[in-house]
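Order-wise, the sequence lines are chains A and B. Note that numbering that gives the first Met the number 0 gives residue 71 to position 72 of the first sequence, counting from 1, and the numbers run on in steps of one. Note that numbering that gives the first Met the number 0 gives residue 203 to position 204 of the second sequence, counting from 1, and the numbers run on in steps of one. Below is one structure; the comments refer to it alone.
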Amino acid sequence: MNIVLSKILDWSEVWALLIPLISLLKHKNQPEYLKPVKIYVFGSFFIFLFADIIMEFKKLWHFPYWLRTNNYLYNTHAIVQLFLFIWFFNLLNQPFLKKAKRIIPILACVFIGVNFIFFENFFERMRLSSLMLAVAAGILLFYCLQYYLYLLMDEQIRVMRKEAGFWVVTGLSIYVVINFFIFLFYEALIINNWNFAVDVWNVHNLTFIIYCIFLAIAFYDRRDNRH
Amino acid sequence: MIGGIIGTDIKFLVIVGILVMLLLMVSFLVILVVHQRKKLRFQTDMQDLREQQKNQLIEAAVKSEEGERHRIAEQLHDEVGAILSSTRLHFSNIKDDSLDSGDKQLYEKSKLLLNDAIQQVRSISHNLHSTLLKEFGLNEAIRNFADKTVKSDLVTVEVNLDETYLIQNQQMDIGIYRIFQELLNNILKHAKANYIRITSECIEDLYYLRIIYNGIGLSQEQFEELRYKREGLGLKNIMNRIILLKGSILYERSDMNNSILLKIPLVKES
Numbered sequence: 000m001n002i003v004l005s006k007i008l009d010w011s012e013v014w015a016l017l018i019p020l021i022s023l024l025k026h027k028n029q030p031e032y033l034k035p036v037k038i039y040v041f042g043s044f045f046i047f048l049f050a051d052i053i054m055e056f057k058k059l060w061h062f063p064y065w066l067r068t069n070n071y072l073y074n075t076h077a078i079v080q081l082f083l084f085i086w087f088f089n090l091l092n093q094p095f096l097k098k099a100k101r102i103i104p105i106l107a108c109v110f111i112g113v114n115f116i117f118f119e120n121f122f123e124r125m126r127l128s129s130l131m132l133a134v135a136a137g138i139l140l141f142y143c144l145q146y147y148l149y150l151l152m153d154e155q156i157r158v159m160r161k162e163a164g165f166w167v168v169t170g171l172s173i174y175v176v177i178n179f180f181i182f183l184f185y186e187a188l189i190i191n192n193w194n195f196a197v198d199v200w201n202v203h204n205l206t207f208i209i210y211c212i213f214l215a216i217a218f219y220d221r222r223d224n225r226h
Numbered sequence: 000m001i002g003g004i005i006g007t008d009i010k011f012l013v014i015v016g017i018l019v020m021l022l023l024m025v026s027f028l029v030i031l032v033v034h035q036r037k038k039l040r041f042q043t044d045m046q047d048l049r050e051q052q053k054n055q056l057i058e059a060a061v062k063s064e065e066g067e068r069h070r071i072a073e074q075l076h077d078e079v080g081a082i083l084s085s086t087r088l089h090f091s092n093i094k095d096d097s098l099d100s101g102d103k104q105l106y107e108k109s110k111l112l113l114n115d116a117i118q119q120v121r122s123i124s125h126n127l128h129s130t131l132l133k134e135f136g137l138n139e140a141i142r143n144f145a146d147k148t149v150k151s152d153l154v155t156v157e158v159n160l161d162e163t164y165l166i167q168n169q170q171m172d173i174g175i176y177r178i179f180q181e182l183l184n185n186i187l188k189h190a191k192a193n194y195i196r197i198t199s200e201c202i203e204d205l206y207y208l209r210i211i212y213n214g215i216g217l218s219q220e221q222f223e224e225l226r227y228k229r230e231g232l233g234l235k236n237i238m239n240r241i242i243l244l245k246g247s248i249l250y251e252r253s254d255m256n257n258s259i260l261l262k263i264p265l266v267k268e269s
């Protein structure tokens, strides 16, 4: 039973993405500002499918040496997610913290470049880039918080449950809020407390499922096109 | 960075970190939802206030219109009517024996016209004053108005009213009666109808007045369009009174028969 559950959770990054994908296929007519989220759902599905195939079959199928790790796919996912969601937040056109929102993508590019040129190896085989994943989650958390702050200050009255943007941001918030510390300490946990690291990764997988459900609701909930 | 905290309990740090972040996010969401609800409540209150103000304005306009009708009706009845009656009295004192046949014919014609004028003044005054409504109730007033207004052999009028309906609220009755007057006048003026059927029914706490007529009908869309036009004063008055009575009106147009259904919630006078 535990093995089955563990397998389901291990593969959750793939099957959970099918939920928003099905919702997206059922409701093809989505507003323009959801375009980055659409691309993200398709893109991350293939990234995680590839990552989980590597994880599951690397020994069985005798993959070449360089293909026996999926860590770089997690780095790729973090970068893709970061920039697609920055694009999404820009498309929401919220006139709030404009300067910060202009500078952050540039700083993110500089950080990624510097980190992977001087400090870490993008194709590291043994461990995930905790710093990269945590920084990406931190930046996205900032974007989510500024979205809520803008809604608090905005005079316009909204029925939030009818707004696709709200569901996307709430799903993303849940994911980054819980995973920020998981990503930040994951490297250290792997070294010092392997069992807890495995449990914590299951928490990550659960939040990913919730995140995907929220994205599916955002694609489904098309009664109101406002942000 | 991570190497520096190896000695500390990372497990504890991760759990506390997650909990703190979760708390932060939940607080944000709660504040946001509470704030949005407050804004929504404020907007609803403002809307209610505006609605209330609008209704007060309509009520004042309707009351002043009603007052003006009464004043005109009283003046017509007491002053113009009295003058005309006195004229008829003087007129009847003229000895027609002394008149030649030409003058006699003129005298008879004038007497007839004078009687007609007295009748018309009385009729207009009664319509404006709604005395009948106050004394005999809505059903009698509707019946009387239909009989008086449609005095033609070309138009057949059938009136079938709910006799269980008793005066509930005089203001409401006046409102329904005025709406009915306006509707019937409109049908006679524009529909070219030769058949009109008026029915009323009380079901639970609702009063239904239905007018079925043939000829040129009006659809709900046309009614909505016309009532915003400057010349649609009668329709505006109808709508104002309906708003005041918290009722609704439904126009239906068809090739066979057109209908107007007035639905008013019954409110007993406190």
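Built from N, CA and C at the ideal position, the CB exists for glycine as well. Computed from a predicted structure; not experimentally measured.
In this structure, how does DSSP classify residue 156 of chain B when only helix, strand and coil are distinguished?
Counting from 1 along the second sequence, the entry for residue 156 of chain B is found at position 157. Residue state, collapsed to three classes: strand.
Return helix, strand or coil for residue 208 of chain B, following the three-state DSSP convention.
As a working mapping, residue 208 of chain B is identified with position 209 in the second sequence. Three-state result, residue 208 of chain B: strand.
If contact is defined by three or more beta carbon pairs under 8 Å, each pair taking one atom from either stretch, is the stretch 5-24 of chain B in contact with the stretch 179-193 of chain A?
The answer is yes - the stretch 5-24 of chain B touches the stretch 179-193 of chain A, with three or more Cβ pairs under 8 Å.
Give me the chain B residues within the contact set of residue 188 of chain A, using Cβ-Cβ distance strictly less than 9 Å, ordered along the chain.
The count along the first sequence starts at 1 and reaches residue 188 of chain A at position 189. In chain order: 9, 10 and 13.
Go through its chain and collect everything with a Cβ distance to residue 133 of chain B's Cβ below 6 Å, but skip five positions before and after it.
Counting from 1 along the second sequence, the entry for residue 133 of chain B is found at position 134. Counting only Cβ-Cβ distances below 6 Å, and skipping sequence neighbours, we find nothing.
Using 8 Å for Cβ pairs, my map puts residue 195 of chain A next to residue 188 of chain A. What's the rounded Cβ distance?
Mapped onto the first sequence, residue 195 of chain A falls at position 196. Mapped onto the first sequence, residue 188 of chain A falls at position 189. Rounded, the Cβ-Cβ distance is 6 Å, consistent with contact.
Give the DSSP-derived three-state secondary structure of residue 196 of chain B in the structure shown.
The residue given as residue 196 of chain B occupies position 197 in the second sequence. If DSSP states are grouped into helix, strand and coil, residue 196 of chain B belongs with the strands.
Going by DSSP, what residues sit across from residue 143 of chain A in a beta bridge?
Mapped onto the first sequence, residue 143 of chain A falls at position 144. Beta-bridge pairing links residue 143 of chain A to no other residue.
Distance check for residue 243 of chain B and residue 59 of chain B, CA to CA, integer angstroms please.
On the second sequence, position 60 is the one that residue 59 of chain B refers to. On the second sequence, position 244 is the one that residue 243 of chain B refers to. So the alpha carbons of these two residues sit roughly 10 Å apart.
Short of 7 Å Cβ to Cβ, which residues in the stretch 141-161 of chain A face chain B?
From the stretch 141-161 of chain A, only 144, 147, 150, 151, 156, 157 and 159 have a Cβ closer than 7 Å to chain B.
Secondary structure at residue 94 of chain A, three-state DSSP: helix, strand or coil?
Counted from its first residue, the first sequence places residue 94 of chain A at position 95. Correct three-state label for residue 94 of chain A: coil.
In whole angstroms, what is the alpha-carbon distance linking residue 1 of chain B and residue 128 of chain A?
On the second sequence, position 2 is the one that residue 1 of chain B refers to. On the first sequence, position 129 is the one that residue 128 of chain A refers to. Because residue 1 of chain B sits at a pLDDT of 49, beneath the cut-off of 50, its placement in the model cannot be relied upon, and the point is left open.
Using beta carbons (cut-off 8 Å, strictly below), is residue 27 of chain B in contact with chain A?
Your numbering for residue 27 of chain B matches position 28 in the second sequence. Answer yes: the Cβ-Cβ gap between residue 27 of chain B and chain A drops below 8 Å somewhere.
Kindly list the residues whose CB is nearer than 7 Å to the CB of residue 215 of chain B, restricted to its own chain and excluding five residues on each side of it in sequence; keep chain order.
The residue given as residue 215 of chain B occupies position 216 in the second sequence. Contacts found: 189, 190 and 191.
Examine chain D for any beta-carbon lying closer than 8 Å to the beta-carbon of residue 180 of chain B, and answer yes or no.
Checking the listed chains, one finds no chain D in this structure; the protein chains it contains are A and B.
Using a beta-carbon distance cut-off of less than 8 Å, what residues from the stretch 166-198 of chain A approach chain B?
If the cut-off is 8 Å between Cβ atoms, the stretch 166-198 of chain A has 169, 172, 173, 176, 177, 179, 180, 181, 183, 184, 186, 187, 188, 190, 191, 192 and 195 near chain B.
How would you label residue 104 of chain B, buried or exposed, when you count the other beta carbons within 10 angstroms and need 16 or more for buried?
Within the second sequence, residue 104 of chain B is the residue found at index 105, counting from 1. Its Cβ having fewer than 16 others within 10 Å, residue 104 of chain B is exposed.
In three-state DSSP terms, what is residue 215 of chain B?
Start at 1 with the first residue of the second sequence, and residue 215 of chain B comes out as number 216. Three-state DSSP puts residue 215 of chain B in coil, outside helix and strand.
Out of B:93, B:235, B:259 and B:240, which one is the CA nearest neighbour of residue 54 of chain B?
On the second sequence, residue 54 of chain B is found 55 positions in, with the first residue counted as 1. If we check each option's Cα against that of residue 54 of chain B, B:240 comes out closest.
Using the DSSP secondary-structure output, state which residues sit across from residue 258 of chain B in a beta bridge.
As a working note, residue 258 of chain B is residue 259 in the second sequence. DSSP lists B:211 and B:251 as partners of residue 258 of chain B.
If the cut is a Cβ gap below 7 Å, which residues of chain A does residue 34 of chain B touch?
Here the question's residue 34 of chain B lines up with position 35 in the second sequence. Under the 7 Å cutoff, chain A gives 151.
State the start and end residues of the unbroken alpha helix (DSSP H) segment that holds residue 96 of chain B.
Your numbering for residue 96 of chain B matches position 97 in the second sequence. Per DSSP, residue 96 of chain B belongs to no alpha helix (DSSP H) and is neither H nor E.
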